[in-house]
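Chains as they are written, first to last, in my numbering: chain P, 1 to 115; chain X, 1001 to 1112. Glycine included, C-beta positions come from ideal geometry on N, C-alpha and C. Keep in mind it's a predicted model, so treat the numbers as computed, not measured.
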């Protein structure tokens, strides 16, 4: 399977704990995006990378959230001191800079539940 | 905040009927895209229409775009039970950002 993969698929944690999610984009894609989706809503943008550079961050991304993309390949999203309001589906997407740059391919998501 | 509103929020039709979903957005766009999401799964890209295009087809899908009204519609013809899913429009705006701004989605149920 050469699509976007995300791990873990599900994460249950207690309030105050730290969690880290991983996204592996499609191999030749140089752009990588993180979105968050709550029940019944459309995804909301969090941040995006072009290669290893983090080029844009949403105001939704509080200082408890940090994302990295070392070496421009996989990316991690860490949430520190989780709160119940962080419970959501975290989606990763990737795209290729080129002629058709705007199609983003999404992974299956990581569903986070904060108790 | 989200860019768009979708209408209706939920739609239930019989297999074989056509389904039409509408999307409105707020700011000038570079392009508009439609995605499908099955229950509990990731988003699948369906079709992209650029701001200088008015209509686009892909298989049983037809998308229209009216930039003067800041609206788009997605028509699924001859629907199948497998089309049951949530459908989202998403825009890329003219501010050179590459992020997608999603609407709130239409939940489509196709009854066999």
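*What span of residues does the beta strand (DSSP E) with residue 26 (chain P) cover, start to end?*
Stepping through the first chain from its first residue, residue 26 (chain P) is reached at position 26. Run containing residue 26 (chain P): none; DSSP gives neither H nor E here.
*asked:* Determine, for residue 1011 (chain X), whether the minimum Cβ-Cβ distance to residues of chain P falls below 8 Å.
replied: Position 11 of the second chain, counting from 1, holds the residue named residue 1011 (chain X). Not closer than 8 Å to any Cβ of chain P, the Cβ of residue 1011 (chain X) fails to qualify, so no.
*Check distances from the C-beta atoms of the region 61-91 of chain P to those of chain X and list, in chain order, the residues that come in under 8 Å.*
Within the region 61-91 of chain P, the qualifying residues are 91.
*asked:* With a threshold of 8 Å on Cβ separation, who are the neighbours of residue 1111 (chain X) within its own chain once the five nearest residues in sequence on each side are excluded?
replied: On the second chain, position 111 is the one that residue 1111 (chain X) refers to. 1012, 1013, 1014, 1015, 1081, listed in sequence order.
*For residue 102 (chain P), decide whether its Cβ has a neighbour in chain X, counting only Cβ atoms nearer than 8 Å.*
Position 102 of the first chain, counted from the start, is the residue given in the question as residue 102 (chain P). It does; some Cβ of chain X falls within 8 Å.
*Proximity winner among X:1073, X:1007, X:1031, relative to residue 1091 (chain X) (alpha-carbon distances)*: For the purposes of this step, residue 1091 (chain X) is identified with residue 91 of the second chain, where counting begins at 1. Sorting X:1073, X:1007, X:1031 by C-alpha distance to the C-alpha of residue 1091 (chain X) places X:1031 at the top.
*Inter-residue CB distance, residue 1042 (chain X) and residue 39 (chain P) (contact presumed, cutoff 8 Å)*: Here residue 1042 (chain X) corresponds to residue number 42 of the second chain, with the count starting at 1. Here residue 39 (chain P) corresponds to residue number 39 of the first chain, with the count starting at 1. About 16 Å separates the two Cβ atoms, so there is no contact after all.
*Between residue 52 (chain P) and residue 1018 (chain X), what straight-line distance do the alpha-carbon atoms span, to the nearest angstrom?*
Within the first chain, numbered from 1, the residue matching residue 52 (chain P) stands at position 52. Within the second chain, numbered from 1, the residue matching residue 1018 (chain X) stands at position 18. Here the alpha carbons of residue 1018 (chain X) and residue 52 (chain P) stand approximately 44 Å from one another.
*Closer than 7 Å at the beta carbon, the chain P residues around residue 1100 (chain X)*: Counting from 1 along the second chain, the entry for residue 1100 (chain X) is found at position 100. Those are 45, 104, listed as they occur along chain P.
_Test item: CB-CB of residue 56 (chain P) and residue 1097 (chain X) under 8 Å_ = If you number the first chain from 1, residue 56 (chain P) lands on position 56. If you number the second chain from 1, residue 1097 (chain X) lands on position 97. Yes.
*Ordered along the chain, which non-local residues of its own chain (more than five positions away) have a Cβ less than 6 Å from that of residue 1027 (chain X)?*
Taking the first residue of the second chain as 1, we reach residue 1027 (chain X) at position 27. Answer for residue 1027 (chain X): 1093, listed in chain order.
*Kindly say whether residue 199 (chain P), judged by its beta-carbon, lies nearer than 8 Å to any beta-carbon of chain X.*
Residue coverage of chain P in this structure runs from 1 to 115, which leaves residue 199 (chain P) outside it and unanswerable.
*Just tell me which of P:109, P:49, P:16 has its CA closest to the CA of residue 80 (chain P).*
Against the first chain, residue 80 (chain P) aligns to sequence position 80. It is P:16 whose Cα lies nearest to the Cα of residue 80 (chain P).
*Of all the residues that make up the region 1048-1065 of chain X, which are near chain P by a beta-carbon distance shorter than 9 Å?*
Considering only beta carbons, the part of the region 1048-1065 of chain X lying closer than 9 Å to chain P consists of 1048, 1050, in chain order.
*Any idea what DSSP makes of residue 63 (chain P), helix, strand or coil?*
Your numbering for residue 63 (chain P) matches position 63 in the first chain. Residue 63 (chain P): coil per DSSP, three-state reduction.
*How big is the Cα-Cα spacing for residue 1001 (chain X) and residue 44 (chain P)?*
Within the second chain, residue 1001 (chain X) is the residue found at index 1, counting from 1. Within the first chain, residue 44 (chain P) is the residue found at index 44, counting from 1. With a pLDDT of 47 at residue 1001 (chain X), under the threshold of 50, the predicted position of this residue should be treated as unreliable, though the coordinate-derived value follows. One C-alpha to the other measures close to 8 Å.
_8 Å contact criterion, which residue 49 (chain P) and residue 32 (chain P) should meet: CB distance rounded_ = Residue mapping note: residue 49 (chain P) aligns to position 49 of the first chain, counting from 1. Residue mapping note: residue 32 (chain P) aligns to position 32 of the first chain, counting from 1. Going by Cβ atoms, the distance from residue 49 (chain P) to residue 32 (chain P) rounds to 5 Å, so yes, they are a contact pair.
*Could you name the residues of chain P that residue 1036 (chain X) contacts, counting a contact when the two beta carbons are closer than 8 Å?*
Counted from its first residue, the second chain places residue 1036 (chain X) at position 36. Listed by position along chain P, the residues whose Cβ is nearer than 8 Å to that of residue 1036 (chain X) form an empty set, because the closest Cβ is around 11 Å away.
*When DSSP labels each residue in this structure, what does residue 57 (chain P) get in the three-state scheme?*
Here residue 57 (chain P) corresponds to residue number 57 of the first chain, with the count starting at 1. Residue state, collapsed to three classes: strand.
*asked:* Below 7 Å on C-beta distance, what does residue 1029 (chain X) contact in chain P?
replied: As a position in the second chain, residue 1029 (chain X) is number 29, starting the count at 1. What residue 1029 (chain X) touches in chain P: nothing, since even the nearest Cβ is about 11 Å away.
*Would a C-beta distance cut-off of 8 Å place residue 110 (chain P) and residue 14 (chain P) closer than the cut-off?*
Taking the first residue of the first chain as position 1, residue 110 (chain P) is located at position 110. Taking the first residue of the first chain as position 1, residue 14 (chain P) is located at position 14. Against a cut-off of 8 Å, the Cβ pair of residue 14 (chain P) and residue 110 (chain P) comes out as no contact.
*Taking Cβ positions only, does residue 1111 (chain X) come closer than 8 Å to chain P?*
Counted from its first residue, the second chain places residue 1111 (chain X) at position 111. The C-beta of residue 1111 (chain X) comes no closer than 8 Å to any C-beta of chain P.
*Can you find a CB in chain P that lies within less than 8 Å of the CB of residue 1046 (chain X)?*
As a working note, residue 1046 (chain X) is residue 46 in the second chain. Under the Cβ distance rule, residue 1046 (chain X) does not count among the residues neighbouring chain P, no pair being separated by less than 8 Å.
*asked:* Taking a contact to mean a Cβ-Cβ separation below 8 Å, would you say residue 1061 (chain X) touches residue 1047 (chain X) in this structure?
replied: Position 61 of the second chain, counted from the start, is the residue given in the question as residue 1061 (chain X). Position 47 of the second chain, counted from the start, is the residue given in the question as residue 1047 (chain X). Against a cut-off of 8 Å, the Cβ pair of residue 1047 (chain X) and residue 1061 (chain X) comes out as a contact.
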